[in-house]
Amino acid sequence: MATFKFEAMDTTGGEVKDSVEATNEEEAQQKIRQMGYFVTKLTEVAGKGKKKDKKKGPQQRKKGKTFTLGGVNNKHLVTFTRQFSTLQDAGLPVLRSLKILEGQMRPGVLKNALIDVVDDVESGSTLSEAFGKHPKCFDRLYVNMVKAGEAGGALEIILKRLAEFKEKAQSLARRIKGAMVYPAVVISVAVAILSFIMIFIIPKFEKIFADFRMKLPWITEALINTSRWFVKYWYVIPLIPMSIWLTLKLIRLNKTGAYILDKIKLIIPVSGSLVEKTIVARTMRTLGTLIASGVPILEALSIVKETSMNAVFESCYQRVYESIREGETIAQPLKESRLVDDMVVNMIDVGEETGDLDTMLNKIADVYDEEVDVLVESLISLLEPIMIVVLGLIVGTIVIALFMPLLALLEGLSGGKKS
Numbered sequence: 070m071a072t073f074k075f076e077a078m079d080t081t082g083g084e085v086k087d088s089v090e091a092t093n094e095e096e097a098q099q100k101i102r103q104m105g106y107f108v109t110k111l112t113e114v115a116g117k118g119k120k121k122d123k124k125k126g127p128q129q130r131k132k133g134k135t136f137t138l139g140g141v142n143n144k145h146l147v148t149f150t151r152q153f154s155t156l157q158d159a160g161l162p163v164l165r166s167l168k169i170l171e172g173q174m175r176p177g178v179l180k181n182a183l184i185d186v187v188d189d190v191e192s193g194s195t196l197s198e199a200f201g202k203h204p205k206c207f208d209r210l211y212v213n214m215v216k217a218g219e220a221g222g223a224l225e226i227i228l229k230r231l232a233e234f235k236e237k238a239q240s241l242a243r244r245i246k247g248a249m250v251y252p253a254v255v256i257s258v259a260v261a262i263l264s265f266i267m268i269f270i271i272p273k274f275e276k277i278f279a280d281f282r283m284k285l286p287w288i289t290e291a292l293i294n295t296s297r298w299f300v301k302y303w304y305v306i307p308l309i310p311m312s313i314w315l316t317l318k319l320i321r322l323n324k325t326g327a328y329i330l331d332k333i334k335l336i337i338p339v340s341g342s343l344v345e346k347t348i349v350a351r352t353m354r355t356l357g358t359l360i361a362s363g364v365p366i367l368e369a370l371s372i373v374k375e376t377s378m379n380a381v382f383e384s385c386y387q388r389v390y391e392s393i394r395e396g397e398t399i400a401q402p403l404k405e406s407r408l409v410d411d412m413v414v415n416m417i418d419v420g421e422e423t424g425d426l427d428t429m430l431n432k433i434a435d436v437y438d439e440e441v442d443v444l445v446e447s448l449i450s451l452l453e454p455i456m457i458v459v460l461g462l463i464v465g466t467i468v469i470a471l472f473m474p475l476l477a478l479l480e481g482l483s484g485g486k487k488s
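Residues in the sequence shown are numbered from 70 upward in steps of one, following my numbering.
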């Protein structure tokens with residue numbers, strides 16, 4: 070039997086500090102829950118001999134780590150969360166579940182993090198504390214939901230809810246990215262073809278015109294000058310998008326600049342509406358999931374503000390945060406911001422009045438997910454004719470500019486033969 074020190078909350082919300090004897094962490098948590106407490110922190114009191122044994126374990130486990138770059142793959146994180154939820158639902162202890170999942174995982178960022186998480190949990194840390202040490206893998210939303218699950222003794226339910234949330238967020242991002250593939254490919258191919266024409270084809274026509282010493286129309290002169298620029302400064306073409314990207318990044322370093330850019334994003338026709346609805350869908354689902362999981366409302370709003378990834382919405386959620394802290398409602402500052410539809414405000418208002426806010430927030434997210442799908446399809450159907458018209462105008466201009474002197478040349482030659 071080992072001794073576990075714990076910190077917990079009683080039914081009135083008061084803090085309790087005590088110790089309990091149990092064979093393992095899961096049994097200790099069960100005993101504390103039977104006392105009527107909600108566990109917030111649990112630490113095993115280990116003797117000197119035990120510490121020595123544990124010192125070897127982590128060192129051996131660290132050998133399983135591999136060198137990695139970048140962040141965690143969202144697909145792998147969703148799979149891990151779903152499997153972890155299933156194992157917890159089957160009644161397996163947390164530590165054993167983690168060891169099983171870490172053992173079957175391929176080398177990568179998530180596996181490295183899980184090796185450390187297993188060591189930390191073995192050393193007496195709570196699961197949320199262990200996850201919190203790896204922000205690249207487990208963000209604040211993830212850690213806080215796990216913490217709420219530990220406190221409420223419903224970790225398997227929270228993990229299932231978290232997996233569903235991650236899957237829906239990933240599905241939305243995948244649909245938007247998938248929809249952008251076609252326009253990106255068309256534009257890339259068009260740029261490559263036009264660059265080829267400018268660098269290799271037009272100089273040959275220029276040579277023909279020079280041999281005949283023809284007076285060229287202004288449109289042909291402009292085209293030849295553009296071609297000369299392409300031939301001489303072709304390396305500038307890939308630098309243009311990079312320069313734009315770098316400039317926008319530098320502007321974003323300033324708080325006011327970031328706010329202005331994000332405001333512009335929201336007012337651009339069609340795409341602005343898509344950005345707005347995507348943010349609303351993501352933030353409402355995040356807030357609904359956190360509230361349903363038992364995370365305090367102020368902490369939930371603080372996390373939602375970070376997940377919005379838009380300075381305008383961050384400012385809006387900051388006002389909501391301050392409103393809640395002062396004992397007011399969520400609906401009123403949202404209404405004043407004019408960032409969301411009246412439907413959203415009214416549904417949140419009803420949710421607050423009925424005490425069913427989390428359900429309402431998830432319904433809003435579902436509605437906006439559907440609207441995002443419709444908008445993405447509309448954007449694609451709008452982009453196709455725009456791209457065809459723009460490419461047609463460019464190609465048509467090139468053809469006209471090249472054939473006008475050729476027609477004049479043919480007329481001159483035919484006139485010369487008649488005389």
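Just so it is clear, CB atoms sit at the ideal spot from N, CA and C, and this is done for glycine as well.
### Query
Just checking my contact of residue 375 with residue 209 at CB under 8 angstroms: how many whole Å lie between their CB atoms?
Your numbering for residue 375 matches position 306 in the sequence shown. Your numbering for residue 209 matches position 140 in the sequence shown. Yes, they are in contact, since the Cβ atoms of residue 375 and residue 209 sit about 7 angstroms apart, within 8 angstroms.
### Message
In this structure, how does DSSP classify residue 85 when only helix, strand and coil are distinguished?
### Response
On the sequence shown, position 16 is the one that residue 85 refers to. It is a strand residue.
### Query
Is residue 456 near residue 255, with beta carbons less than 9 angstroms apart?
Working through the sequence shown from its first residue, we reach residue 456 at position 387. Working through the sequence shown from its first residue, we reach residue 255 at position 186. Yes, they are a contact pair.
### Message
Tell me whether the region 360-369 and the region 377-384 touch, counting them as touching only if at least three CB pairs, one residue from each stretch, are closer than 8 angstroms.
### Response
no
### Message
For residue 124, count the other beta carbons within 10 Å of its own beta carbon; 16 or more makes it buried, fewer makes it exposed. Which is it?
### Response
In the sequence shown, residue 124 corresponds to position 55, counting from 1. With a pLDDT of only 42 at residue 124, under the threshold of 50, the placement of this residue in the model should not be trusted, and no figure is reported.
#### Entry: Paired residues, beta bridge with residue 111 - DSSP
Residue 111 sits at position 42 when you count from the first residue of the sequence shown. DSSP lists 75 as partners of residue 111.
### Message
Assuming the contact rule is C-beta atoms closer than 8 angstroms, residue 440 and residue 346 should be a hit. Round their C-beta distance to whole Å, please.
### Response
Mapped onto the sequence shown, residue 440 falls at position 371. Mapped onto the sequence shown, residue 346 falls at position 277. Indeed, because the Cβ distance is near 5 angstroms, the residues count as touching under 8 angstroms.
### Query
How many Å lie between residue 298 and residue 319 at the Cα?
As a first step, residue 298 must be located in the sequence shown, where it is residue number 229. As a first step, residue 319 must be located in the sequence shown, where it is residue number 250. Cα-Cα distance, rounded: 28 angstroms.
### Query
When DSSP labels each residue in this structure, what does residue 242 get in the three-state scheme?
Working through the sequence shown from its first residue, we reach residue 242 at position 173. Helix.
### Query
Can you tell me whether residue 270 is buried or exposed, with buried defined as 16 or more other CB within 10 angstroms of its CB?
Position 201 of the sequence shown holds residue 270. When all chains shown are included, residue 270 counts as exposed.
### Message
Is it buried or exposed, residue 204, if we count other Cβ atoms within 10 angstroms and call 16 or more buried?
### Response
Residue 204 sits at position 135 when you count from the first residue of the sequence shown. Counting Cβ neighbours within 10 Å, residue 204 comes out exposed, since fewer than 16 surround it.
### Query
Exposed or buried, residue 218, counting other C-beta atoms within 10 Å across all chains shown (16 or more means buried)?
Position 149 of the sequence shown, counting from 1, holds the residue named residue 218. It is buried - the Cβ of residue 218 has at least 16 other Cβ atoms within 10 Å.
### Query
Would you report the Cα separation of residue 313 and residue 355, rounded to the nearest angstrom?
Counting from 1 along the sequence shown, the entry for residue 313 is found at position 244. Counting from 1 along the sequence shown, the entry for residue 355 is found at position 286. Their Cα atoms are separated by approximately 32 angstroms.
### Message
To the nearest angstrom, how far is the alpha carbon of residue 98 from that of residue 168?
### Response
The count along the sequence shown starts at 1 and reaches residue 98 at position 29. The count along the sequence shown starts at 1 and reaches residue 168 at position 99. Whole-angstrom Cα-Cα distance: 19 angstroms.
### Query
Apart from the five residues on each side of it in sequence, which residues of its chain come closer than 8 angstroms, Cβ to Cβ, to residue 118?
By one-based count along the sequence shown, residue 118 stands at place 49. Note that residue 118 scores 40 on pLDDT, short of 50, meaning its location in the model is unreliable; the coordinates nonetheless yield the value given after this. Correct list: empty, nothing qualifies.
### Task
Answer yes or no: do residue 340 and residue 448 have a C-beta to C-beta separation smaller than 9 angstroms?
Within the sequence shown, numbered from 1, the residue matching residue 340 stands at position 271. Within the sequence shown, numbered from 1, the residue matching residue 448 stands at position 379. In contact: residue 340 and residue 448 (Cβ atoms closer than 9 angstroms).
### Task
Determine the DSSP secondary structure at residue 91, reduced to helix, strand or coil.
Reading the sequence shown from its first residue, position 22 is the one you call residue 91. Reduced to three states, the DSSP call for residue 91 is strand.
### Of the residues 88, 106 and 391, the one placed nearest residue 77, counting alpha carbons only
Your numbering for residue 77 matches position 8 in the sequence shown. Among 88, 106 and 391, the Cα nearest to that of residue 77 is on 106.
### Query
On the premise that residue 417 lies in contact with residue 393, defined as a C-beta separation below 8 angstroms, what is that separation, rounded to the nearest angstrom?
In the sequence shown, counting from the first residue as 1, residue 393 sits at position 324. In the sequence shown, counting from the first residue as 1, residue 417 sits at position 348. Incorrect: roughly 12 angstroms between the Cβ atoms, too far for contact.
### Nearest-angstrom Cα separation, counted from residue 357 out to residue 166
Position 97 of the sequence shown, counted from the first residue, corresponds to residue 166. Position 288 of the sequence shown, counted from the first residue, corresponds to residue 357. Computed Cα separation, rounded: 27 angstroms.
### Message
Please identify the residue among 140, 160, 134 and 170 whose C-alpha is closest to the C-alpha of residue 150.
### Response
The sequence position of residue 150 within the sequence shown is 81, counting from 1. Minimum Cα distance to residue 150 is reached at 170.
### Query
For residue 140 versus residue 178, is the C-beta distance shorter than 9 angstroms?
The residue labelled residue 140 in the question sits at position 71 within the sequence shown. The residue labelled residue 178 in the question sits at position 109 within the sequence shown. Result yes, Cβ atoms of residue 140 and residue 178 sit closer than 9 angstroms.
### Query
Where are the beta strand (DSSP E) runs, 3 residues long or more, that stay fully inside the region 191-267, in chain order?
none
### Nearest neighbour of residue 112, chosen from 94, 471, 463 and 249 [CA to CA]
If you number the sequence shown from 1, residue 112 lands on position 43. Checked all of 94, 471, 463 and 249; the closest Cα to residue 112 is 94.
### Query
Does the beta-carbon of residue 316 have 16 or more other beta-carbons within 10 angstroms, so that it is buried, or is it exposed?
Within the sequence shown, the letter at position 247 stands for residue 316. Burial call: exposed.
#### Entry: residue 296, buried or exposed, once every other Cβ within 10 Å from all chains shown has been counted against 16
As a first step, residue 296 is located in the sequence shown; it is residue number 227 there, counting from the start. Its Cβ being crowded by 16 or more others within 10 Å, residue 296 is buried.
### Query
By Cβ distance, which residues of its chain are closer than 8 angstroms to residue 471, with the 5 residues on each side in sequence left out?
Within the sequence shown, residue 471 is the residue found at index 402, counting from 1. Closer than 8 angstroms at the Cβ level, and outside the excluded window around residue 471, lie 271, 274, 289 and 292.
### Task
Return yes when the Cβ of residue 300 is within less than 9 angstroms of the Cβ of residue 268, no when it is not.
As a position in the sequence shown, residue 268 is number 199, starting the count at 1. As a position in the sequence shown, residue 300 is number 231, starting the count at 1. Yes, Cβ-Cβ distance for residue 268 and residue 300 is below 9 angstroms.
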